[in-house]
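Reading the sequence shown from the start, the letters are residues 5 to 204 in our numbering. Glycine is no exception: its CB is placed at the ideal position from the N, C-alpha and C atoms. Read through the structure below, which is laid out as structure tokens, and then see the notes.
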Amino acid sequence: MKKTSLLLAMLLCAALVGCDAPAAPTDGAPSQSQTAIAAPTGAPGTAEPAPAGQTATLYIGTGDTSFQEYPLSYEGELTPEALIEGIAELTGWDLTLAEPVISGKGGMSVCLAGTSSLFVGPPDPQKDEFHMYDGAQLARTILDSIQKTLQRGFTGPGGDPDSLDVWYYMEGEKPLELPSLGLSWPLDQPYSWDAATQSN
Numbered sequence: 005m006k007k008t009s010l011l012l013a014m015l016l017c018a019a020l021v022g023c024d025a026p027a028a029p030t031d032g033a034p035s036q037s038q039t040a041i042a043a044p045t046g047a048p049g050t051a052e053p054a055p056a057g058q059t060a061t062l063y064i065g066t067g068d069t070s071f072q073e074y075p076l077s078y079e080g081e082l083t084p085e086a087l088i089e090g091i092a093e094l095t096g097w098d099l100t101l102a103e104p105v106i107s108g109k110g111g112m113s114v115c116l117a118g119t120s121s122l123f124v125g126p127p128d129p130q131k132d133e134f135h136m137y138d139g140a141q142l143a144r145t146i147l148d149s150i151q152k153t154l155q156r157g158f159t160g161p162g163g164d165p166d167s168l169d170v171w172y173y174m175e176g177e178k179p180l181e182l183p184s185l186g187l188s189w190p191l192d193q194p195y196s197w198d199a200a201t202q203s204n
């Protein structure tokens, strides 16, 4: 009888100890000890997330077809130069600026350097996703992409992006000209590919 009582007491004790142990997860979910998040050093008892960067959108394409959207992560204040640099890094095109973008009440003015892909052509090799087949396609895609990206990036909620005019000009405040294509754009009108003047 004593042996039976002792055996029952041991079984009961083992069962009670087992109740205190955390049950193994049955659905593949991590246990409480696995999901615990350590507080960052220097801030005991707190777990505030680090400030995340912001995201803008780059638009690559032409007005007569469509634009593909690509996210651009950035820190601090968004600038026209950061958006243009983002397009350059994404596509592989040289979009070096001869001067900082001029921002005014009526819109923005952009001056690409003479060494940029707009004037000297695409890089070699080109990225497959952004392969351009001729100078006209490249020029229009560069100009339209910068224009659309700036318009979308600097138009407030509820505003009309198309109302933000973008002008292009060359160093020395000259009108934009692409001699290889026989095209030029006047300084006194905002950019539109269709507004180009055909050179003789």
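Using CA atoms only, rank isn't needed, just tell me which of 173, 177, 102 and 111 is closest to residue 165.
Residue numbering aside, residue 165 sits at position 161 when the sequence shown is read from its first letter. The residue with the shortest Cα to Cα distance from residue 165 is 111.
Could you check which residue in 58, 131 and 193 has the C-alpha nearest to that of residue 80?
As a first step, residue 80 must be located in the sequence shown, where it is residue number 76. When only C-alpha atoms are compared, the closest one is 58.
If you compare alpha carbons, which of 96, 167, 67 and 60 is closest to residue 127?
Counting from one through the sequence shown, the residue named residue 127 turns up at place 123. Ranking 96, 167, 67 and 60 by Cα distance to residue 127 puts 96 first.
Take residue 149 and list the residues in its own chain whose beta-carbon comes closer than 7 Å to its own, dropping the five residues that flank it on each side.
The count along the sequence shown starts at 1 and reaches residue 149 at position 145. Only 63, 64, 65 and 91 meet the Cβ criterion.
Could you give the distance in angstroms between the alpha-carbon of residue 185 and the alpha-carbon of residue 86?
On the sequence shown, position 181 is the one that residue 185 refers to. On the sequence shown, position 82 is the one that residue 86 refers to. Looking at the backbone, the Cα of residue 185 and that of residue 86 are separated by about 28 Å.
Which listed residue (140, 134, 109 and 114) has its alpha carbon closest to that of residue 124
Position 120 of the sequence shown, counted from the start, is the residue given in the question as residue 124. Closest in alpha carbon position to residue 124, among 140, 134, 109 and 114, is 140.
May I ask you to list the residues that DSSP assigns as paired with residue 113?
Here residue 113 is taken as the residue at index 109 of the sequence shown, counted from 1. Answer by DSSP bridge pairing, in chain order: 106 and 171.
Starting from residue 60, trace the beta strand (DSSP E) in both directions and tell me its first and last residue.
What you label residue 60 is simply residue 56 of the sequence shown in a count that begins at 1. Here the beta strand (DSSP E) through residue 60 covers 58-65.
Per DSSP, residue 100 is paired with what?
Locating residue 100 in the sequence shown gives position 96, where the first residue counts as 1. Beta-bridge pairing links residue 100 to no other residue.
Around the C-beta of residue 106, are 16 or more other C-beta atoms found within 10 angstroms, so that it is buried, or is it exposed?
As a working mapping, residue 106 is identified with position 102 in the sequence shown. Counting of Cβ neighbours within 10 angstroms places residue 106 among the exposed residues, the total staying below 16.
Check whether the Cβ atoms of residue 113 and residue 173 sit closer than 8 Å, and answer yes or no.
Within the sequence shown, the letter at position 109 stands for residue 113. Within the sequence shown, the letter at position 169 stands for residue 173. The answer is yes: Cβ separation under 8 Å.
Count the other CB atoms, across all protein chains shown, that sit within 10 Å of the CB of residue 161; report buried if there are 16 or more and exposed otherwise.
Your numbering for residue 161 matches position 157 in the sequence shown. Classification of residue 161: exposed, given that the 10 Å Cβ count is below 16.
Give the single residue among 167, 152, 200 and 131 whose Cα lies nearest to the Cα of residue 180.
Numbered from its first residue, the sequence shown carries residue 180 at position 176. Here the closest residue by C-alpha is 200.
Among 135, 147, 198 and 176, the one whose alpha carbon lies nearest that of residue 103:
Residue 103 sits at position 99 when you count from the first residue of the sequence shown. When each option's Cα is compared against that of residue 103, the closest is 176.
Taking DSSP as the reference, what is the three-state secondary structure of residue 191?
Position 187 of the sequence shown, counted from the first residue, corresponds to residue 191. The DSSP-derived three-state label of residue 191 is coil.
Below 8 Å CB to CB, which residues in the same chain sit around residue 190 once its five sequence neighbours on both sides are set aside?
Residue mapping note: residue 190 aligns to position 186 of the sequence shown, counting from 1. Counting only Cβ-Cβ distances below 8 Å, and skipping sequence neighbours, we find 179, 199 and 201.
Coarse secondary structure for residue 180, derived from DSSP in three states:
The sequence position of residue 180 within the sequence shown is 176, counting from 1. It is coil, neither helix nor strand.
Cβ-Cβ distance between residue 120 and residue 138 below 8 Å:
Residue 120 sits at position 116 when you count from the first residue of the sequence shown. Residue 138 sits at position 134 when you count from the first residue of the sequence shown. No; because the gap between Cβ atoms is not below 8 Å, this pair is not in contact.
With residue 155 and residue 168 assumed to form a contact (beta carbons below 8 Å), what rounded beta-carbon distance in angstroms separates them?
Translated into positions along the sequence shown, residue 155 becomes position 151. Translated into positions along the sequence shown, residue 168 becomes position 164. For a cut-off of 8 Å, the C-beta gap from residue 155 to residue 168 is around 5 Å, short enough to register as a contact.
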